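What the sequence shown shows, in mature numbering (1 follows the signal peptide of the UniProt record, and there is no 0), is residues -27 to -1, 1 to 83, in sequence order. Contents: one structure, followed by commentary.
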Amino acid sequence: MGTSKVCLLAVFCTLIILTTFSGCAQSASCCLMYTRRRQLPYTRLLGYTIQNINTSCDINAIIFHLPGRFLCADPSVDSTRKGMAYVDEMRKRKGQITKETIAGHQISIN
């Protein structure tokens, strides 16, 4: 009887830990504010993710993927739209898939 209580407690603790960390990981992938950068380094852009307002993300944003980092940009700004068009054109020229929806986010695939 004592062993089954210990096993049940271990399973319960594991579930608590998993639910705690899965929520943290999701919110860490959200942009909380836009970059102040006025011009994007178009030639260094590798791709982008479209972030929509949902339960864990508070703002609409375009997350540009650059070597070793990410930039959060305002989707209503002209330079952001130009950056997205640049990435889409490069993908089209290379014959790659341009967008795919994963877990509610649209992404550009390398």
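The C-beta atom is built at its ideal place from N, Cα and C for all residues, glycine as well. The structure presented is a predicted model; accordingly, all values stated were derived computationally and were not measured.
Helix, strand or coil at residue i [DSSP, three-state]
| i | result |
| --- | --- |
| Y21 | strand |
| R54 | helix |
| R42 | strand |
Buried versus exposed call for residue i [16 or more other C-beta atoms within 10 Å across all chains shown]
| i | result |
| --- | --- |
| G(-26) | exposed |
| M57 | buried |
| S(-24) | exposed |
| L44 | buried |
| C(-15) | Here C(-15) scores only 44 on pLDDT, less than 50, and its place in the model should not be relied on; the value that follows carries that caveat. Exposed, since its Cβ has fewer than 16 Cβ neighbours within 10 Å. |
Best match in the options for proximity to residue i [C-alpha to C-alpha]
| i | options | result |
| --- | --- | --- |
| Y15 | Y59, F43, C30, K(-23) | Y59 |
| Q24 | D51, S2, R64 | S2 |
C-beta contact flag for residue i and residue j at 7 Å
| i | j | result |
| --- | --- | --- |
| R11 | L39 | no |
| I35 | T8 | no |
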